[in-house]
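Undergrad: Protein sequences, first through last, are from chains U and R.
Letter by letter, the first sequence follows residues 1277 to 1780 in our numbering.
Letter by letter, the second sequence follows residues 30 to 194 in our numbering.
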Amino acid sequence: MVETTLIKRILIANRGEIAIRVIQACRELGIHSVALYSDVDRASLHVRQADEAYLIGGARPLESYLVIDRVLEIAKKAGVDAVHPGYGFLAERADFAQACLDEGLIFIGPRPHSIGLMGDKLAARELMRKAGVPVIPGTPPGLTNDEMIAAAVTEVGFPLMVKAAAGGGGKGIRIVASPEDLPAALASARREAEAAFGDGTVYLEKLIENARHIEFQILADAYGTTIHLGERECSIQRRHQKLLEESPSVAVDDELRERMGAIAVRAAQAADYLNAGTIEFLVDRDKNFYFLEMNTRIQVEHPVTEAVTGLDLVKEQIRIARGRRMGPTQESINMKGWALECRINAEDPYNNFLPSVGKVTALIMPTGPGVRVDSGVYDGYEVTPYYDSLLAKLICWGETRGEAILRMRRALSEYRIMGVHTNIPFHQRLLNSHRFMAGSINTSFVEERFEIEKEDDDEQAEIAAILATLVAHRDRQQAAQIVQRNARDVSNWTWVGRWERMQR
Amino acid sequence: MRYVATIDQRTYAIDILPDGKLLVDGEERDAGFLSLDDKSLYSLLVDHISYEGLVEEIDGQYNVLLWGALYTVKVMDERELRLAKASAAFVPAGGELSIRAPMPGLIVDVPVTPGQEVRAGQTLVILESMKMQNELKIPRDGRVHQIHVKPGDSVEHNKILITIT
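#1: Check whether chain U comes within 7 angstroms of PRO133 of chain R, counting only Cβ atoms and requiring the distance to be less than that.
#2: State the DSSP-derived secondary structure class of SER1340 of chain U, mapped to helix, strand or coil.
#3: With 16 as the cutoff for other CB atoms within 10 Å, does VAL1278 of chain U come out buried or exposed?
#4: Pull the bridge partners of CYS1510 of chain U from the DSSP assignment, please.
#5: If we count the other Cβ atoms within 10 Å of its Cβ and call it buried at 16 or more, is ILE45 of chain R buried or exposed?
#6: Secondary structure at VAL120 of chain R, three-state DSSP: helix, strand or coil?
#7: Does the beta carbon of HIS1749 of chain U come closer than 7 angstroms to any beta carbon on chain R?
#8: Quick check on DSSP: helix, strand or coil for ALA1496 of chain U?
#9: Find the residues of chain R that neighbour GLU1738 of chain U, judging by a C-beta separation of less than 8 angstroms, and give them in chain order.
#10: Would a check of beta-carbon distances place LEU112 of chain R closer than 7 angstroms to chain U?
#11: What residues from chain R crowd round VAL1633 of chain U, counting only those whose CB sits closer than 8 angstroms?
#12: Whole angstroms are fine: how far does the CA of ARG1466 of chain U sit from the CA of GLY1418 of chain U?
#13: Short of 7 angstroms in beta carbon distance, which residues of its chain neighbour ASN1718 of chain U, apart from the five on each side in sequence? Order them along the chain.
#14: Consult DSSP for ILE1700 of chain U and reduce its assignment to one of helix, strand or coil.
#15: On the DSSP bridge assignment, give the partners of MET1694 of chain U in chain order.
#16: What does PRO1661 of chain U touch in chain R if you count any residue whose Cβ is under 7 angstroms from its own?
#17: Please classify PRO140 of chain R as buried or exposed, where buried requires at least 16 other C-beta atoms within 10 Å of its C-beta.
#18: Counting only beta-carbon separations shorter than 7 angstroms, does SER69 of chain R have a partner in chain U?
#19: Anything in chain R within Cβ reach of MET1694 of chain U, meaning under 8 angstroms, just list it in chain order.
#20: Would ALA34 of chain R count as contacting chain U if we go by Cβ distances under 7 angstroms?
#21: With DSSP collapsed to three states, give me the class of ASN1708 of chain U.
#22: In terms of DSSP beta bridges, what is TYR1330 of chain U paired with?
#23: Please report the Cβ distance between PRO1524 of chain U and MET1611 of chain U, rounded to the nearest whole angstrom; I am assuming they are in contact, meaning their Cβ atoms lie under 8 angstroms.
#24: Suppose you measure from the CA of ALA122 of chain R to the CA of ASP37 of chain R; what does that come to, to the nearest Å?
#25: Cα-Cα, which of R:VAL104, R:VAL84 and R:ASP48 is closest to TYR32 of chain R?
#26: Over what stretch of residues does the alpha helix (DSSP H) that includes THR1585 of chain U continue unbroken?
#27: Name the residue from R:LEU112, R:ASP59 and R:GLN162 whose alpha carbon lies nearest to the alpha carbon of GLU1623 of chain U.
#28: What number of angstroms, rounded off, separates the C-alpha of LEU1670 of chain U from the C-alpha of LEU1305 of chain U?
#29: Cα separation between ALA1289 of chain U and LEU1312 of chain U?
#30: Quick check on MET1713 of chain U: buried or exposed, where buried means 16 or more other Cβ atoms within 10 Å of its Cβ?
#31: Have a look at the DSSP bridge pairing and note the partners of ASP44 of chain R.
#32: How big is the Cα-Cα spacing for ARG1683 of chain U and GLU1521 of chain U?
#33: Within the 7 angstroms Cβ cut-off, does ILE1700 of chain U reach chain R?
#34: Assuming PRO1361 of chain U and ALA1367 of chain U form a contact by the criterion Cβ under 8 angstroms, report the distance between their Cβ atoms to the nearest whole angstrom.
#35: Only counting runs of 3 or more residues, tell me where the beta strand (DSSP E) segments fall wholly within the region 1589-1670 of chain U, in order along the chain.
#36: Taking the C-alpha atoms as reference points, what is the distance between THR1585 of chain U and LYS1397 of chain U?
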C-alpha cells in the first residue's frame, strides 16, 4: 500500500533556470516555493520569482548550494514538506536524498540507494550486465597496470578509453589508440581522477567510434509502473558538454525505439528506480546500442521531451513524489512533431568557448509559435564566475525536423543579448551546416568536423558599420552640446533629434 | 561630417550630410535611425529595408548585434583618423604584450617559464572559472618576459598574468 501525502511547500535546492522551472511547476500546482541563494545570488531571477527565499552562504558552491546541513536547516526553518534538487549540485548525492528522508522530508527524486547504485559507474555497469542490458566491452576496476594491459590487448581492443570509476564531467577520461600509449594514459587518468574525485580507481572500456549519444527518458511511480517517454539525441557535444539536443532522433525508427525503450525500462527497474530518470546509450553505425550511464535526476534537456509528448515532467515528478500514480501510461505516450533545444551559454565561440562574465545590458528573447525559453537571466543581471555558464535554453517545436530547424534559426536571430558573449553564433552556424541538416552527426561532430569562424556577410557588416556610425555621431553631438552650453537653438543635438523624428 | 568605421580589416567611409542622407563609400543611401529604448536598441531603415540592432559603446568601440551576429566597430572622425595615422608610426612593431585575466578565476597551471620563446596559439595559462578549465593562448609569437601568477592564485578580472616581449 502506497501512502499519498499532500505537498504544500517545496524547497528548491538549486539556482538558475532549473530553479525557475520548478517554481513554475509549483505555482501551477498551488504549491508554495522556497528558494535558496548564495551571497552573489541575491539578485538572481529564482529569488525574485520564488514565494520565499533564504540565504544559504558564500558565493562558492562548497560554501552554499552544496552544504547539506545548511539546506536541511533552511528546510526545517521554512517548514517545507519536500525538497526538489534540480540537476547538478546535490541532485545525485545519495547521502543528501537519505538525509532528507531522515528529516521526514519528501525527496523529489529516486530512492537514495538507486542514486548510489547508478552513481558508481562500475556497479551500475555490473548491475546492467546482469539485467541483460547491453554494456560496452571493458574491464572491471581495480586491476593492476599489467593485468589491464593484458586485458586491453585480448578482451577490449583498441581504440579504448581509460575512465575513472568515480567519473563525471569528462574528467579522468583518456582515449588510447595503441598499446604503447596505454601505460602513460593509465597513469595520467589515475592522477586526474585522484585530484578530481579523491579516488584514482580507473577501468578500461572499448571506444565506440562515430557513436551517437541517445538517451531515453524514464518515469517510474511507487506502484511499480515504469514507462519511457521516447528518446533524445544529444550527440552535439563539446568536451563532453551537451550543446544541442533533439527529440526524436533521426537514427531511431519505431522498431528501434520500441527495443531500446523496453531495455531502458528494464534498466530502470533493475535499479529499483522511482521518479524521473534518464538511461544514456551509445549507438554505433550499425544501430548496436550500449548502456552508458543512468542520470538519476531531471535533465537539462527535459523540455524537448515535454515538447513532443505534451507532458510536464516536473509536475509528474511532484505527483510521483506525493505517492500518486503517474499521469501517462506507456500506451498514451504519442510523440508528436520534432523539438530542438539550444543551450545558450555565456561563452565566446570565437575564442575557444571561453566563459564570459559581466552584466547583461540588454535582453530581448524570442517569442512566437513553437518557441519556448527557459531562462535564468534578465536585463541588468550580473553573470558571475561561480556557477556554470548556462544562461538559458531555447526550445523550438515543429511538425517536422525541418520546421523545427527553421523555427530555431528564426528564434536564434531574434535572441538579442548584450553585455556577455554567448554561443548563439555557434548554434546559428551549426543549424546551417549540411551535415546537421541531414542528421548525419555523432559525438565527435563538433570537435572534428565543425569549424566556427567569422562569416563574411559583407552586406550585414556594412549595416553594422552604418548603425555604429550613426550612434557614434549622435553621442559626439550630444557631448559637444554639453560643452557648448551657449550654442542655443539649432544645436547639433537637436538637429539629430529632429532628424530622428523626420526620418520616422 | 565624415567618419571612418572599421570592422576587422574592412573600412567604410561614411559621410553624414546636413540633410540627413548618408554617403557610404561615396554611394548615397537613405537612412532613418531611431532609438527605441533610450539605451541600446535601435531601429534602422536603410533604403526602406528594416533592421533592428543593439549597439553599445565599450572602451571607444561600438558593439553591434544584428540578427545574432556581433560586430565590433571602431568609429573615427577625420581628426581622430589623422591622429591615429600619425601615432602609428611611433609604435614599435613587436612591443610588450600583457596577457590579462578575461574573467575572475583560479590559476590551475602556468605551463611556461620566463625567457621561454612561445609561438602564436601556445597556451600560457590555464584559468578555472565557471567550472571549466580555460586555456589562455598567446595571439602572436614572442618571448615570456614576466610571470605574475602561480598555480593556486585567485585572480581578479583584468589582472595582468604574463607579459610577453
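Built from N, CA and C at the ideal position, the CB exists for glycine as well.
These numbers were taken from a predicted model, which means no experiment stands behind them.
TA: This is what the structure gives:
#1: As a working note, residue 133 of chain R is residue 104 in the second sequence. Closer than 7 angstroms to some Cβ of chain U, the Cβ of PRO133 of chain R qualifies, so yes.
#2: Counting from 1 along the first sequence, the entry for residue 1340 of chain U is found at position 64. Three-state DSSP puts SER1340 of chain U in coil, outside helix and strand.
#3: On the first sequence, position 2 is the one that residue 1278 of chain U refers to. With fewer than 16 other Cβ atoms within 10 Å, it is exposed.
#4: As a first step, residue 1510 of chain U must be located in the first sequence, where it is residue number 234. In DSSP, CYS1510 of chain U forms no bridge with anything.
#5: By one-based count along the second sequence, residue 45 of chain R stands at place 16. Classification for ILE45 of chain R: buried.
#6: Here residue 120 of chain R refers to the residue found at position 91 of the second sequence. Interpretation of VAL120 of chain R is limited by its pLDDT of 44, a score under 50 that renders its predicted location unreliable; no figure is taken from the coordinates.
#7: Walking along the first sequence from the start, residue 1749 of chain U turns up at place 473. Yes - at least one Cβ of chain R is within 7 angstroms of the one on HIS1749 of chain U.
#8: Numbered from 1 along the first sequence, position 220 holds the residue referred to as residue 1496 of chain U. Strand, per DSSP.
#9: As a working note, residue 1738 of chain U is residue 462 in the first sequence. Going along chain R in sequence order, the residues near GLU1738 of chain U (Cβ under 8 angstroms) are TYR41 and VAL53.
#10: Indexing the second sequence from 1 puts residue 112 of chain R at position 83. No - not a single Cβ of chain U is within 7 angstroms of the one on LEU112 of chain R.
#11: Stepping through the first sequence from its first residue, residue 1633 of chain U is reached at position 357. In chain order: MET132, PRO133, SER158, MET159 and HIS186.
#12: The residue labelled residue 1418 of chain U in the question sits at position 142 within the first sequence. The residue labelled residue 1466 of chain U in the question sits at position 190 within the first sequence. Each residue's alpha carbon lies about 11 angstroms from the other.
#13: As a working mapping, residue 1718 of chain U is identified with position 442 in the first sequence. So the qualifying residues of the chain are ASN1486, ALA1487, ARG1488 and SER1511.
#14: Sequence index remark: in the first sequence, residue 1700 of chain U carries index 424 (1-based). Helix at ILE1700 of chain U.
#15: Numbered from its first residue, the first sequence carries residue 1694 of chain U at position 418. DSSP, once it has assigned bridges, lists U:ALA1638 as partnering MET1694 of chain U.
#16: Locating residue 1661 of chain U in the first sequence gives position 385, where the first residue counts as 1. Correct list: MET132, PRO133, GLY134, SER158 and MET159.
#17: Taking the first residue of the second sequence as position 1, residue 140 of chain R is located at position 111. With fewer than 16 Cβ atoms within 10 Å of its Cβ, PRO140 of chain R is classed as exposed.
#18: In the second sequence, residue 69 of chain R corresponds to position 40, counting from 1. SER69 of chain R counts as touching chain U.
#19: As a position in the first sequence, residue 1694 of chain U is number 418, starting the count at 1. SER69, LEU83, GLU85, ASN92 and LEU94, listed in chain order.
#20: Numbered from 1 along the second sequence, position 5 holds the residue referred to as residue 34 of chain R. Answer yes: the Cβ-Cβ gap between ALA34 of chain R and chain U drops below 7 angstroms somewhere.
#21: The residue labelled residue 1708 of chain U in the question sits at position 432 within the first sequence. In this structure, ASN1708 of chain U counts as helix in the three-state DSSP scheme.
#22: Locating residue 1330 of chain U in the first sequence gives position 54, where the first residue counts as 1. DSSP output for TYR1330 of chain U lists U:LEU1312 as bridge partner(s).
#23: As a working mapping, residue 1524 of chain U is identified with position 248 in the first sequence. As a working mapping, residue 1611 of chain U is identified with position 335 in the first sequence. About 6 angstroms separates the two Cβ atoms, so the contact holds.
#24: Position 93 of the second sequence, counted from the first residue, corresponds to residue 122 of chain R. Position 8 of the second sequence, counted from the first residue, corresponds to residue 37 of chain R. Summary for ALA122 of chain R: the model assigns pLDDT 48, below 50, so the residue's position carries little reliability; its value from the coordinates is reported in the next sentence. If I take the Cα positions, the gap works out to 19 angstroms.
#25: Position 3 of the second sequence holds residue 32 of chain R. Comparing Cα positions, the closest option is R:VAL104.
#26: Locating residue 1585 of chain U in the first sequence gives position 309, counting from the first residue. Counting along the chain, the alpha helix (DSSP H) containing THR1585 of chain U begins and ends at 1578-1585.
#27: Taking the first residue of the first sequence as 1, we reach residue 1623 of chain U at position 347. Selected option, being the one with the closest Cα: R:GLN162.
#28: Residue mapping note: residue 1670 of chain U aligns to position 394 of the first sequence, counting from 1. Residue mapping note: residue 1305 of chain U aligns to position 29 of the first sequence, counting from 1. Spanning the two alpha carbons is a distance of roughly 24 angstroms.
#29: Counting from 1 along the first sequence, the entry for residue 1289 of chain U is found at position 13. Counting from 1 along the first sequence, the entry for residue 1312 of chain U is found at position 36. Computed Cα separation, rounded: 6 angstroms.
#30: Here residue 1713 of chain U is taken as the residue at index 437 of the first sequence, counted from 1. Exposed.
#31: The residue labelled residue 44 of chain R in the question sits at position 15 within the second sequence. ASP44 of chain R is bridged to R:ARG31 and R:LEU52.
#32: Residue numbering aside, residue 1683 of chain U sits at position 407 when the first sequence is read from its first letter. Residue numbering aside, residue 1521 of chain U sits at position 245 when the first sequence is read from its first letter. In a straight line, the C-alpha of ARG1683 of chain U is about 15 angstroms away from that of GLU1521 of chain U.
#33: Numbered from its first residue, the first sequence carries residue 1700 of chain U at position 424. Yes, ILE1700 of chain U lies at the interface with chain R (some Cβ there is under 7 angstroms from its Cβ).
#34: As a first step, residue 1361 of chain U must be located in the first sequence, where it is residue number 85. As a first step, residue 1367 of chain U must be located in the first sequence, where it is residue number 91. Sure, about 4 angstroms apart at Cβ, within 8 angstroms.
#35: 1614-1621, 1638-1640 and 1647-1651
#36: Position 309 of the first sequence, counted from the start, is the residue given in the question as residue 1585 of chain U. Position 121 of the first sequence, counted from the start, is the residue given in the question as residue 1397 of chain U. Using only the alpha carbons, I get a separation of about 30 angstroms.
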